[in-house]
Amino acid sequence: MLSRETREGITLEPIVGAPFGARVSGVDPVALTSAQKAVLLNAYADAHGLLCFGFDELLTAEQLHALTAVFGENEFAPGRINGIGRRAREGEPESTVDEQVAKLRNKGVDPYLAFIGNLDPKTLERQPISEKFFGEWEWHTDMSYIPVPPTFSLLHARIIPDDGGDTGFCNQVLAAKALPDDLRSRIVGRSIKHDSTYGSSGILRPGMTVPESPVEALGAVHPILRRVPSTGDEALFLGRRTNGYIPDLPLGESEALLNAVWAHATQPEFCYRHAWRVGEVVVWDNRMLLHMRHPVDESRDRFMWRTQTKGEAVVAST
Ligand code: OGA
Ligand code: MN
Numbered sequence: 001m002l003s004r005e006t007r008e009g010i011t012l013e014p015i016v017g018a019p020f021g022a023r024v025s026g027v028d029p030v031a032l033t034s035a036q037k038a039v040l041l042n043a044y045a046d047a048h049g050l051l052c053f054g055f056d057e058l059l060t061a062e063q064l065h066a067l068t069a070v071f072g073e074n075e076f077a078p079g080r081i082n083g084i085g086r087r088a089r090e091g092e093p094e095s096t097v098d099e100q101v102a103k104l105r106n107k108g109v110d111p112y113l114a115f116i117g118n119l120d121p122k123t124l125e126r127q128p129i130s131e132k133f134f135g136e137w138e139w140h141t142d143m144s145y146i147p148v149p150p151t152f153s154l155l156h157a158r159i160i161p162d163d164g165g166d167t168g169f170c171n172q173v174l175a176a177k178a179l180p181d182d183l184r185s186r187i188v189g190r191s192i193k194h195d196s197t198y199g200s201s202g203i204l205r206p207g208m209t210v211p212e213s214p215v216e217a218l219g220a221v222h223p224i225l226r227r228v229p230s231t232g233d234e235a236l237f238l239g240r241r242t243n244g245y246i247p248d249l250p251l252g253e254s255e256a257l258l259n260a261v262w263a264h265a266t267q268p269e270f271c272y273r274h275a276w277r278v279g280e281v282v283v284w285d286n287r288m289l290l291h292m293r294h295p296v297d298e299s300r301d302r303f304m305w306r307t308q309t310k311g312e313a314v315v316a317s318t
């Protein structure tokens, strides 16, 4: 998208200074027509994986779920249901997804909504939280340590600091296009094991132990270069650097190659840093983009709502 345009009552414009992404306004999430949904899906593909929706008011959960459903089937929020960013606790009885959902609903918990922040979601009072929350979150794609990671993630800014806590996005379609031939030849046909030890902020995930080395780390193995079937784009799929490992290579060689690929993939010309405004929703495609969070001052509050869509099998690009 090269300039501002309005289609089906929805206004789209490029994000000033960003190499990808688009701003969207004029959307009523619970009253979208199918023509408007098509406009949004086209816009996201044109914008290579990122749309930023401006809203004057905070959304209800129903509105955020409706917007999420434009992009795919709503997935349980990370950490709510076993197997979706959550491991069964030690001694926890086996239970079906339906049983887990019923239990959450009984407690008044929405299984499709996660809260990211340092505030209690009910009272919005400060809650005790790991100091890692405030530091920088490393580049990652969401839950790529499971075999079928969620495709789209959405963040809705409800309380944001005056400064700090920006979210960075790095476009792996642009990075794949710009791969130098020698680096491409070293990674074509290879995979990466995506470590499941740590969460986005670097906290040990429940039930995990620290592996002796990346070779022993647990996590799903995915092709380094993937194809996004819906757009035809090729993208680098790196997950996160910590404990990344290229199976079949000696650890030293894997480290050297991963360092080279990451240095290429995260160059500033592929990146956009989003400074949040209250009410915004950013939706991104985890098949195309890495994201990270910049540090937050410990005295500041930050509170986001988060949803995601069901994933699809990762397709290798050969
Ligand atoms: C996430 C995430 C970053 C942020 O919710 O998956 O990485 O800026 N959030 O809150
Ligand atoms: Mn994330």
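Going by the numbering used here, the sequence shown opens with residue 1, and the numbers climb by one from there.
Where is the CB? At the ideal position from N, CA and C, for every residue including glycine.
Computed from a predicted model, the values in this text were never measured in an experiment.
| query | result |
| --- | --- |
| F134, DSSP secondary structure in three states | helix |
| Start-end ranges of the beta strand (DSSP E) lying completely within the segment 168 to 207, minimum 3 residues | 191 to 195 |
| Given 8 angstroms, three or more beta-carbon pairs between the segment 15 to 32 and the segment 64 to 82 | yes |
| Unbroken beta strand (DSSP E) run spanning V24, endpoints | A22 to S25 |
| 6 angstroms CB neighbourhood of A220 in its chain, flanking five on each side removed | Y145, I146, P147 and H194 |
| Residues near P320 in its chain [Cβ-Cβ closer than 7 angstroms; skip 5 each side] | This structure cannot settle anything about residue 320, because the visible part of the chain is limited to 1 through 318. |
| Beta-carbon proximity of E73 to P150, cut-off 8 angstroms | no |
| Any heavy atom of ligand 2 nearer than 7 angstroms to the CB - residues listed | H140, D142, S153, S200 and H291 |
| Stretch pair the segment 288 to 303 + the segment 168 to 183: three plus CB contacts closer than 8 angstroms | yes |
| The segment 297 to 313 in contact with the segment 106 to 124 per 3-pair CB rule at 8 angstroms | yes |
| 8 angstroms contact criterion, which H156 and S200 should meet: CB distance rounded | 17 angstroms between Cβ atoms; not a contact. |
| G239 beta carbon less than 8 angstroms from that of I192 | yes |
| Bounding residues of the beta strand (DSSP E) (the contiguous stretch that carries E234) | E234 to L236 |
| N243 vs A217 beta-carbon contact at 8 angstroms | yes |
| beta-carbon W137 near ligand 1 non-hydrogen atom, thresh 7 angstroms | yes |
| C-beta atoms of Y245 and P214 nearer than 8 angstroms | yes |
| W116 - partner residues in DSSP beta bridges | Note that residue 116 corresponds to Ile in the displayed sequence, not to Trp. Bridge partners of I116: M304. |
| Helix, strand or coil at L218 according to DSSP, with G and I counted as helix | coil |
| Validate contact between the segment 73 to 92 and the segment 41 to 56 using beta carbons, cut 8 angstroms, 3 pairs | no |
| Beta carbon of A176 nearer than 8 angstroms to that of L236 | yes |
| Cβ-heavy atom distance, R80 to ligand 1, below 7 angstroms | no |
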